[in-house]
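Below is one structure, written out as structure tokens; comments come after it.
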Amino acid sequence: MQKIIEQVAEDPYACFLGVTVGEASADSVECELIIESHMLNFMGIPHGGLLFSLADIALSILACAEHMPAVGVSVTGNYFKTTKVGARVVAKARKVSSGRRFSTFAADVTAEGVLLASFTGTCYKMFDRKS
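The following block contains the structure:
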């Protein structure tokens, strides 16, 4: 897990967003960022893609901690509320199910205890093909 967290700390996109990894275990992880003005959409609220990206980073940490490499095959989400510039936004991901080839994870994205969005992602565990 620590190696994956270190890789995220050097990931160009995660760095661009200002994502940091908080509490982490084999079954759950928290990632966070602070909303800045350049993260707002034309309506003046945080872009939905930003919340998706934060959740996706948290989901991918768990997927890769379980099996490396793992790639996302599907992520679905629902948006409920918005927040403001300066808010600390946290994505808390947890393992839902794990099989031989696929795993499913869920992430809730909150700000100041308010649920902003919820995502579910399925990942494929890649294995070397034998010739």
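For the sequence shown, full-length UniProt numbering gives the first residue as 1, with consecutive numbering after it.
Heads up, the beta-carbon is just placed ideally off N, CA and C, and yes, glycines get one too.
In the DSSP assignment, find the beta strand (DSSP E) that holds residue i and state where it starts and stops.
i, result
"L115", "V114 to K125"
"A93", "R88 to S98"
Thinking just about the alpha-carbon of each residue, which of the options is nearest to the one in residue i?
i, options, result
"K3", "N78, M126 and H67", "H67"
"A14", "G72, L116 and I57", "I57"
"V89", "G113, V29 and G44", "G113"
Secondary structure at residue i, three-state DSSP: helix, strand or coil?
i, result
"G48", "helix"
"A63", "helix"
"E36", "coil"
"S131", "Any reading at S131 needs caution, since the residue's pLDDT is 45, under 50, leaving its predicted position unreliable; the model's value is listed next. Note: S131 maps to coil in three-state DSSP."
"A70", "strand"
"S53", "helix"
"F16", "helix"
"A26", "coil"
"A111", "strand"
Using DSSP's beta-bridge definition, name the partner residues of residue i.
i, result
"T76", "T120"
"A106", "R94 and T120"
In terms of residue numbering, what span does the alpha helix (DSSP H) encompassing residue i cover?
i, result
"V8", "Q2 to E10"
| Do three or more CB pairs link the segment 52-71 to the segment 10-25 at distances below 8 Å? | Yes: at least three Cβ pairs fall under 8 Å.
| message | Does the segment 103-121 come into contact with the segment 52-59, if we say contact requires no fewer than three beta-carbon pairs (one atom in each stretch) closer than 8 Å? | response | Three or more pairs of CB atoms, one per stretch, sit closer than 8 Å, so the segment 103-121 contacts the segment 52-59.
| field | the segment 79-86 / the segment 94-102 touching (three or more Cβ pairs under 8 Å) | value | These segments do not touch.
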